[in-house]
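Below: the structure, in structure tokens.
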Amino acid sequence: MTVKSPNPIDVHVGSRVRMRRFLVGMSQGKLAEQLGVTFQQVQKYEKGMSRISASRLQTIANVFEVPISFFFENIANHEPIDNDPLLDAADASLLTHDGVALNRAFVRIRSAKVRRSIIELVKMLADDCDASLTDLSIDMDIRGLRSN
Numbered sequence: 001m002t003v004k005s006p007n008p009i010d011v012h013v014g015s016r017v018r019m020r021r022f023l024v025g026m027s028q029g030k031l032a033e034q035l036g037v038t039f040q041q042v043q044k045y046e047k048g049m050s051r052i053s054a055s056r057l058q059t060i061a062n063v064f065e066v067p068i069s070f071f072f073e074n075i076a077n078h079e080p081i082d083n084d085p086l087l088d089a090a091d092a093s094l095l096t097h098d099g100v101a102l103n104r105a106f107v108r109i110r111s112a113k114v115r116r117s118i119i120e121l122v123k124m125l126a127d128d129c130d131a132s133l134t135d136l137s138i139d140m141d142i143r144g145l146r147s148n
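Residue numbering for the sequence shown follows full-length UniProt numbering, beginning at 1 and increasing consecutively.
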């Protein structure tokens, strides 16, 4: 008998539940209490091991004050979801102390316009940082300081 692996969409939805729960600072136990399930069941949802029903997903969306579509963001036309190291790194950065602090503050901003402005500012700062690192790399090559 073979063990059936979780559906990639269930895994994605579960990971979005986990991410949102983490960002709002809620424990698995507290979410379980609000859903009327055990914390072990929440663990199964978050890992994609148990499929979340539509009504349960709506309840989770209400608890987290997000539209139900939040849990399906970044899924393209039912294509299989590959393990993308860049996405994994981005998800991991959300779980750092700074990432959590930034995201908790960000989700409290009510104005969509202000949130978009902050996103654009962060993108510009990140691009500027990338450009600075590229400039430094080129400068090191020119001066012969880089060891290969």
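Where is the CB? At the ideal position from N, CA and C, for every residue including glycine.
Just so you know, these numbers come straight off a predicted model, no measurement behind them.
Judged by their CB atoms, ARG20 and VAL66 are nearer to each other than the 8 Å cut-off. In this structure the region 19-34 does not touch the region 47-55; the number of beta carbon pairs closer than 8 Å is below three. About 19 Å separates the beta carbon of PHE106 from that of VAL17, a gap too long to meet the 8 Å contact definition. Membership of ARG104 in the alpha helix (DSSP H) is indicated by the continuous run 97-107.
The beta carbon of VAL63 lies closer than 6 Å to those of GLN34 in the same chain, with the five residues before and after it left out.
In the structure shown, PRO6 falls within a coil segment according to DSSP collapsed to helix, strand and coil.
Counted as a single uninterrupted DSSP element, the stretch harbouring PHE70 is not any alpha helix (DSSP H), since DSSP gives it neither H nor E.
Of the candidates GLU73, ASP127, GLN58, GLU73 places its Cα closest to the Cα of SER15. For GLY29, the CB contacts under 7 Å within the same chain, skipping 5 residues up- and downstream, are PHE39 in chain order.
Linking ASP127 to LEU102 through their CA atoms gives a straight-line distance of about 18 Å.
Annotation for GLY29: the continuous alpha helix (DSSP H) segment containing it runs 28-35.
Here DSSP, grouped into helix, strand and coil, assigns ILE60 to helix. Here PHE22 is near VAL100, since their CB atoms are less than 8 Å apart.
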